[in-house]
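Enquirer: Residue numbers for the sequence shown follow the working numbering, so the first one is 193 and each next one is one higher.
Below is one structure. I have some questions about it.
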Amino acid sequence: MHPSSMDKDTEEERSQRHPLFSRLKCGEEETLAPRSTDERLYVTDVVLVRPGRAYGGQSVVAACVEIGTRNLMLGTLSAEDPCVKLQTPVELDNEFCFYVVRMEDGYAVDDDADTYVDAHAAVVEFQGFALISPSLHTEEKDDDDHKDGQETDGVIYPRVARASSAGGNGKDVRQVVARGLFGIFMFASMLASMM
């Protein structure tokens, strides 16, 4: 299902949506994957649950997701701007990895040298939903009536500190942030010139 058609969902399809969320401290990551090809996962919001402390004040963090070879910055969060609602939900196909990085002067800070996670680090929640195909949903429900246990919602690997083994994720995020800030400044200057 294409994300733009989500407004046209039937009541039955809406009832098959299941909440999806993950909380991470700055410097942590979590790798997940849909449990089947009939399940679609989407992220819709990122929320700063607990602001972190940086030298000289509150910190700014970037909530990011790595999907295959793509690194997407979903939003920058601070105590002044604690929530970003995505205009269009981002589909998380295949295996993906949520992670949070600290921002400094508009650039992602590579904290790979610090392997510990600060007790006062910012905490970000990634929010979204899982959409299960109707045929899969009814088959699983019938199978679950015959089972006593519950299955997990996806393949989950333990949270670990962000490592530099990915070969430059911080640089990719910096480029995304720089382009985003450039776009914001261009938009603001265009608005200012109109007034």
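Note that beta-carbon positions come from the ideal geometry of N, C-alpha and C, so glycine has one too.
Quick check: what's the CA-CA separation for I324 versus D230?
Expert: For the purposes of this step, residue 324 is taken as residue 132 along the sequence shown, with counting starting at 1. For the purposes of this step, residue 230 is taken as residue 38 along the sequence shown, with counting starting at 1. Approximately 6 Å, taken between the alpha carbons.
Enquirer: With a threshold of 6 Å on Cβ separation, who are the neighbours of C218 within its own chain once the five nearest residues in sequence on each side are excluded?
Expert: Start at 1 with the first residue of the sequence shown, and residue 218 comes out as number 26. Excluding residues within five positions, the ones whose Cβ falls inside 6 Å are G244, V253, V292, R294, A313 and A314.
Enquirer: Can you tell me where the beta strand (DSSP E) holding C275 begins and where it ends?
Expert: Numbered from its first residue, the sequence shown carries residue 275 at position 83. First-last of the beta strand (DSSP E) with C275: C275 to E283.
Enquirer: Classify Y308: buried if its beta carbon has 16 or more other beta carbons within 10 angstroms, exposed otherwise.
Expert: Residue mapping note: residue 308 aligns to position 116 of the sequence shown, counting from 1. Only weak support exists for where Y308 lies, its pLDDT of 47 falling under 50; the value from the coordinates is given anyway. Classification of Y308: exposed, given that the 10 Å Cβ count is below 16.
Enquirer: Does the Cβ-Cβ distance between N263 and A225 come in under 8 Å?
Expert: The sequence position of residue 263 within the sequence shown is 71, counting from 1. The sequence position of residue 225 within the sequence shown is 33, counting from 1. Cβ atoms of N263 and A225: not closer than 8 Å.
Enquirer: Between the alpha carbons of I376 and A255, how many angstroms are there, rounded?
Expert: As a working note, residue 376 is residue 184 in the sequence shown. As a working note, residue 255 is residue 63 in the sequence shown. So the two alpha carbons sit approximately 18 Å from each other.
Enquirer: Could you round the C-beta distance between E222 and F321 to whole angstroms and report it? I think they count as a contact, below 8 Å.
Expert: Your numbering for residue 222 matches position 30 in the sequence shown. Your numbering for residue 321 matches position 129 in the sequence shown. E222 to F321, Cβ: 17 Å. No contact.
Enquirer: Answer yes or no: does any C-beta atom of chain B fall closer than 8 Å to that of N286?
Expert: In the structure shown, chain B cannot be found, because there is only a single protein chain.
Enquirer: Would DSSP call S385 helix, strand or coil?
Expert: As a working note, residue 385 is residue 193 in the sequence shown. Reduced to three states, the DSSP call for S385 is helix.
Enquirer: Specify, as a first and last residue, the run of the beta strand (DSSP E) that N263 falls within.
Expert: Sequence index remark: in the sequence shown, residue 263 carries index 71 (1-based). Note, N263: beta strand (DSSP E), R262 to L269.
Enquirer: Starting from P211, follow the beta strand (DSSP E) in both directions and report where the run begins and ends.
Expert: Along the sequence shown, read from residue 1 onward, the residue named residue 211 stands at position 19. Element bounds for P211: R209 to K217.
Enquirer: So which of L383, P281, S270 and T280 has the shortest CA-CA distance to V241?
Expert: In the sequence shown, the residue the question calls residue 241 occupies position 49. The shortest Cα separation from V241 among L383, P281, S270 and T280 belongs to S270.
Enquirer: Round the Cβ separation of V276 and L266 to the nearest angstrom and send it over; I've been treating them as touching at under 8 Å.
Expert: Reading the sequence shown from its first residue, position 84 is the one you call residue 276. Reading the sequence shown from its first residue, position 74 is the one you call residue 266. About 7 Å; that satisfies the 8 Å criterion.
Enquirer: Determine the closest residue to G260 out of F288, S214 and A384, with distance taken between C-alpha atoms.
Expert: The residue given as residue 260 occupies position 68 in the sequence shown. With distances taken between Cα atoms, G260 lies closest to F288.
Enquirer: Going by CA-CA distance only, name the one from Y234, V316, L212 and A384 that's closest to Q279.
Expert: For the purposes of this step, residue 279 is taken as residue 87 along the sequence shown, with counting starting at 1. The shortest Cα separation from Q279 among Y234, V316, L212 and A384 belongs to Y234.
Enquirer: Name the DSSP bridge partner or partners of T223?
Expert: Numbered from its first residue, the sequence shown carries residue 223 at position 31. T223 is bridged to C289.
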